[in-house]
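Counting in the numbering used here, the sequence shown runs from 3 upward without gaps. Even glycine gets a Cβ: it sits at the ideal position worked out from N, Cα and C. These numbers were taken from a predicted model, which means no experiment stands behind them.
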Amino acid sequence: MKIEVDKRGYYGNFGGAYIPEMLYPNVEELRQNYISIIHDEGFKKEFDQLLKTYVGRPTPLYYAKRLSEKYKTKIYLKREDLCHTGAHKVNNTIGQILLARRLGKQKIIAETGAGQHGVATATVCALMGMECIVYMGEIDMARQKPNVERMRILGTEVRPAKSGSKTLKDATNEAMRHWINNPVDTHYIIGSVVGPHPYPDMVARFQSVISEEIKWQLKDNEGTEDPDYVIACVGGGSNAAGAFYHYYDNDNVNLVCVEAAGHGNETGESAATTVLGKPGVLHGSKTLLMQTEDGQVVEPYSISAGLDYPGIGPVHAHLFESGRADFYSATDEEAMKAGILLSRLEGIIPAIESAHALVALEKIMFSKDDVVVLNLSGRGDKDLETYIKWGKY
Ligand SMILES: *Cc1c(COP(=O)(O)O)cnc(C)c1O
């Protein structure tokens, strides 16, 4: 199935650019230039060089022998947890900051919920010597103090969003307002395949290095570029989009998304958008989102900060609606158990986001010759306190 953004920024029924008039010139500047910049030879060279020498790419494709024995199939882990800063997010922030420089921008803004995208942005701003402001809900700042301090150590100013519920959506509003007021010198780095067109497509292109590598790495190991399954967790959907990108058109490759079900989809404390969401507009694009009858965004819940988002990217809404990908959801309890299991079987403590993807191994009946690639989006160092609090290990 062809999964591709059209000229207006849609994947099927989802996407587009639902933005205030005042933001139109900024987004239009980006839309007109992003493809030619990404295809420019000089850009590609600089991007590839930084991915190699700074991020540590290619990340290994690791054959997980003990995990494979447990699930009676062949499981490979794509080790995005070994990226500098501990997750895949930096692939995108490097791409966007190089693009911002080519657009002549001197300043960067971003918004962050749990702080992970803020840290990935602060990192590349330090790397490039660019001024950086990250908006963060006041409540999130209190909950995620270590990430706030990381950003500050890296030289970023963290500005509290004090309106509304003082969380991610308020930080997003403040960042948008900032961008409207500073269109000429500032680029807004969005952290997942969400936001108005062209962000979802642009971020997917930067993350597509994940499946580009899987193809040749799998060829070296299995003699074929194509696995039977690719599995990834979905918050906004960027690590999944990167791991799926070069397989969209190949219907022999099953694409599997795992969303966070929190305490359970029937409890009202969940973040499983495809189960609980309806079409609507969030963060500048038409997609599926969790909302009340009268269209108010519902606060999501997950033990994992990176999956605690009320929507999904438009491409994932389309993958869901078209049936191209299968969607599962994993509760806090299931994910924590899966995280401990991976630690014990392979000596890898995963990010709790990535542990959600591991839960799919319990839910799918594989045959013994299937080749399964699971995108391990991040490492568990940042989640140590959550593991300790959970306690059952
Ligand atoms: C942020 C994050 C995610 C969720 O974001 P996506 O855009 O869905 O990839 C998943 N895993 C880790 C480790 C993260 O930091």
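Residue(s) in a DSSP beta bridge with residue i
i      : result
Leu129 : According to DSSP, Leu129 bridges with nothing at all.
Leu284 : Ser287
Thr333 : Gly264
Val258 : Ile233 and Asp328
Pro352 : Arg381
Leu376 : Leu79 and Ile233
His17  : Sequence check: residue 17 is Gly here, not His. DSSP lists Tyr12 and Lys288 as partners of Gly17.
Residue i: CB within 8 Å of a non-hydrogen atom of ligand 1
i      : result
His90  : yes
Ala242 : yes
Val150 : no
Leu32  : no
Ser379 : yes
Glu140 : no
Gly17  : no
Leu309 : yes
Cys235 : yes
Ala353 : yes
Ser213 : no
Ser210 : no
Glu293 : For clarity, residue 293 is Gln in the given sequence; the question names Glu instead. No, since every heavy atom of ligand 1 falls outside the 8 Å radius drawn around the Cβ of Gln293.
Gln98  : no
Ser287 : no
Val195 : yes
Ser356 : yes
Gly238 : yes
Gln118 : yes
Nearest-angstrom beta carbon gap, residue j and residue i [assumed within contact, 8 Å]
i      : j      : result
Ile233 : Val374 : 7 Å
Thr95  : Thr123 : 5 Å
Gly193 : Ala112 : 7 Å
Cys235 : Glu159 : With 8 Å as the limit, Cys235 and Glu159 do not qualify as a contact, their Cβ atoms being about 30 Å apart.
Ala163 : Tyr137 : 5 Å
His248 : Lys217 : 6 Å
Tyr12  : Ile5   : Contact doesn't hold; Cβ gap of about 12 Å is too wide.
Phe208 : Gly97  : 3 Å
Ile89  : Gln118 : One detail in the question is off: residue 89 reads as Ala in this sequence, not Ile. About 6 Å; that satisfies the 8 Å criterion.
Leu363 : Pro352 : Leu363 to Pro352, Cβ: 12 Å. No contact.
Leu25  : Met178 : 7 Å
Contact with chain C by residue i, beta-carbon distance below 9 Å
i      : result
Thr226 : Although the question refers to chain C, the structure presented lacks it and comprises just one protein chain.
Go through the stretch 36 to 91 residue by residue and report every complete run of the alpha helix (DSSP H) that reaches 4 residues or more, in order. Whole alpha helix (DSSP H) segments, 4+ residues: 43 to 52 and 67 to 73.
State whether the stretch 322 to 330 contacts the stretch 208 to 222, with contact taken as three or more CB pairs (one from each stretch) at a distance under 8 Å. When Cβ pairs closer than 8 Å are counted between the two stretches, the stretch 322 to 330 is seen not to touch the stretch 208 to 222, the count staying below three.
Would you be able to state if there are at least three C-beta pairs under 8 Å between the stretch 219 to 229 and the stretch 342 to 350? As far as the Cβ criterion goes, the stretch 342 to 350 does not touch the stretch 219 to 229, which means the pair count is below three.
Are at least three pairs of beta-carbons, each pair with one atom in the stretch 147 to 159 and one in the stretch 201 to 210, less than 8 Å apart? Contact fails: fewer than three Cβ-Cβ distances are below 8 Å.
Taking only runs that begin and end inside the stretch 94 to 154, name each unbroken beta strand (DSSP E) of 3 or more residues, in chain order. Listed in chain order, the complete beta strand (DSSP E) runs (minimum 3 residues) inside the stretch 94 to 154 are 109 to 114 and 133 to 139.
Every unbroken alpha helix (DSSP H) within the stretch 266 to 329, with a cutoff of 4 residues, ordered by chain: Entirely contained in the stretch 266 to 329, the alpha helix (DSSP H) runs reaching 4 residues are, in chain order, 275 to 278 and 316 to 324.
Whole alpha helix (DSSP H) runs in the stretch 149 to 235 with 4 or more residues, listed along the chain? Counting only runs of 4 or more, we get 170 to 183, 201 to 209 and 211 to 224.
Indicate whether the contact test is met: 3 or more Cβ pairs, each with one atom in the stretch 97 to 105 and one in the stretch 20 to 40, closer than 8 Å. The stretch 97 to 105 makes contact with the stretch 20 to 40, as at least three CB pairs between them are under 8 Å.
Counting pairs of beta carbons, one from the stretch 314 to 327 and one from the stretch 6 to 23, are three or more of them closer than 8 Å? Note that the stretch 314 to 327 touches the stretch 6 to 23; at least 3 beta-carbon pairs, one per stretch, sit closer than 8 Å.
Is it a yes or a no for the stretch 297 to 310 touching the stretch 266 to 273, going by three-plus beta-carbon pairs under 8 Å? The stretch 297 to 310 makes contact with the stretch 266 to 273, as at least three CB pairs between them are under 8 Å.
Looking at C-beta atoms only, is the number of pairs between the stretch 376 to 388 and the stretch 236 to 247 that lie closer than 8 Å three or more? Touching, yes, given that three or more Cβ pairs across the two stretches are closer than 8 Å.
Counting pairs of beta carbons, one from the stretch 78 to 97 and one from the stretch 360 to 375, are three or more of them closer than 8 Å? Touching, yes.
Closer than 8 Å is the cut-off here; do at least three beta carbon pairs connect the stretch 135 to 150 with the stretch 163 to 180? Counting Cβ pairs under 8 Å, three or more are found: they touch.
Is the stretch 58 to 65 in contact with the stretch 127 to 135, if contact means three or more CB pairs nearer than 8 Å? Here the stretch 58 to 65 makes no contact with the stretch 127 to 135; the two share fewer than three CB pairs at distances below 8 Å.
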